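Colleague:
Chains as they are written, first to last, in the numbering used here: chain S, 11 to 125; chain G, 85 to 195.
1) Using 8 Å as the limit for Cβ to Cβ distance, is residue 176 of chain S near chain G?
2) What does the Cβ neighbour count give for residue 37 of chain S, buried or exposed, with the cut at 16 atoms within 10 Å?
3) Select from the region 45-62 of chain S all residues with a C-beta closer than 7 Å to any C-beta belonging to chain G, and list them in chain order.
4) CB-CB under 6 Å to residue 22 of chain S, same chain, minus the five flanking residues each way: which ones, in chain order?
5) Please confirm whether residue 12 of chain S has its beta-carbon closer than 8 Å to some beta-carbon of chain G.
6) Can residue 129 of chain G and residue 143 of chain G be called in contact, C-beta distance under 8 Å?
7) Return the first residue and the last residue of the beta strand (DSSP E) that residue 79 of chain S is part of.
8) By Cβ distance, which residues of its chain are closer than 7 Å to residue 145 of chain G, with the 5 residues on each side in sequence left out?
9) For chain G, check one thing: does any of its Cβ atoms lie closer than 8 Å to the Cβ of residue 43 of chain S?
10) Following the continuous beta strand (DSSP E) through residue 65 of chain S, name the residue where it begins and the one where it ends.
11) Spatial neighbours of residue 91 of chain G within its chain, please: CB distance less than 6 Å, with the 5 preceding and 5 following residues excluded, ordered by chain position.
12) Along the region 109-123 of chain S, where does the CB come closer than 9 Å to a CB of chain G? Name the residues.
13) Quick one: grab the DSSP three-state call for residue 112 of chain G.
14) Quick check: the region 64-84 of chain S against the region 98-118 of chain G, are there 3 or more CB pairs under 8 Å?
15) Is it true that the region 96-103 of chain S meets the region 24-35 of chain S, where meeting means three or more beta-carbon pairs spaced less than 8 Å apart?
16) Taking the C-alpha atoms as reference points, what is the distance between residue 174 of chain G and residue 127 of chain G?
17) Helix, strand or coil for residue 116 of chain S, going by three-state DSSP, please let me know.
18) Have a look at residue 61 of chain S and residue 86 of chain S and give me their C-alpha separation to the nearest angstrom.
19) Can you give the Cα-Cα distance for residue 151 of chain G and residue 115 of chain G, rounded to whole angstroms?
20) Take the Cβ of residue 46 of chain S as the centre, count every other Cβ of all protein chains shown within 10 Å, and call the residue buried at 16 or more, exposed below.
21) Measuring straight from C-alpha to C-alpha, what distance separates residue 177 of chain G and residue 88 of chain G?
22) Is residue 125 of chain G near residue 157 of chain G, with beta carbons less than 8 Å apart?
23) Run down chain A in chain order and give the residues with a C-beta less than 9 Å from the C-beta of residue 188 of chain G.
Structural data, given as structure tokens:
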């Protein structure tokens, strides 16, 4: 069965510091992987996606993620945190090999950015 | 932003009452989904639809039913609400092989 694990339910960084949010997945088929961001009282917004093209994926707001098959990881990074990055971040994988788009989510990581 | 509207945005209901949440899209996307979001669990799939009148169960479907009589509308019904169904419910839409777009969510409290 496919699953997603996000290491660390809360991550705190200082403004200007590197952001690293960890995601590991398990999948029996080549995965489609996503990072979504959720600001308070809002829906989820797509940050970036991996669909078997380039392993380094660039997203919105300066975020990027690298797909590492050997490590079954898809960690999210940003070189310099901004106060506006404070939000909850979800890693997700498409369920199964079908094209139905059903997503399996990790538990989420809340990013706090300190001034 | 993708045209997805959830209604109501907030609802408080009593245990044992039926509740229906509505998701309306203007994007003509084939797939529609209902997820629930609970602390420590991320989002979990309740039901999804792959076309008009074509639906299937997700991971946490017990106590929920859905209907899709038109491409643009996907209804989620709690037949008899329980306190364990207190949650934030998200509707999402997608096309085959593409990313999902999410609505703003419905906060449901069952008292």
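No residue lacks a Cβ here, since even glycine has one placed at the ideal position from N, Cα and C. Just so you know, these numbers come straight off a predicted model, no measurement behind them.
Modeller: In short, the structure shows the following:
1) This structure cannot settle anything about residue 176 of chain S, because the visible part of chain S is limited to 11 through 125.
2) By the 16-neighbour rule on beta-carbons within 10 angstroms, residue 37 of chain S is buried.
3) Against chain G - using a Cβ distance shorter than 7 Å - the residues of the region 45-62 of chain S are 52, 53, 54, 56 and 59.
4) If we look at residue 22 of chain S and ignore the five residues flanking it on each side, its Cβ neighbours are 122.
5) With 8 Å as the cut-off, residue 12 of chain S does not count as an interface residue toward chain G.
6) Closer than 8 Å, so yes.
7) No residue range can be given for residue 79 of chain S, since it is assigned to no beta strand (DSSP E) and is classified by DSSP as neither H nor E.
8) Closer than 7 Å at the Cβ level, and outside the excluded window around residue 145 of chain G, lie 130 and 131.
9) Chain G contact via Cβ: absent.
10) Per DSSP, residue 65 of chain S belongs to no beta strand (DSSP E) and is neither H nor E.
11) 106.
12) Per Cβ criterion, the list reads 109, 110, 111, 112, 113, 114, 115, 116, 117 and 118.
13) Residue 112 of chain G falls in the coil class under three-state DSSP.
14) In this structure the region 64-84 of chain S does not lie against the region 98-118 of chain G, because fewer than three pairs of beta carbons, one per stretch, are closer than 8 Å.
15) Because the criterion of three Cβ pairs below 8 Å is met, the region 96-103 of chain S and the region 24-35 of chain S touch.
16) Computed Cα separation, rounded: 9 Å.
17) In the displayed model, residue 116 of chain S falls within coil according to three-state DSSP, outside both helix and strand.
18) So the alpha carbons of these two residues sit roughly 15 Å apart.
19) Looking at the two C-alpha atoms, the distance is approximately 13 Å.
20) When all chains shown are included, residue 46 of chain S counts as buried.
21) If you take the alpha carbons of residue 177 of chain G and residue 88 of chain G, they lie about 8 Å apart.
22) Cβ distance not < 8 Å, so residue 125 of chain G and residue 157 of chain G don't count as in contact.
23) No chain A is part of this structure, whose protein chains are labelled S and G.
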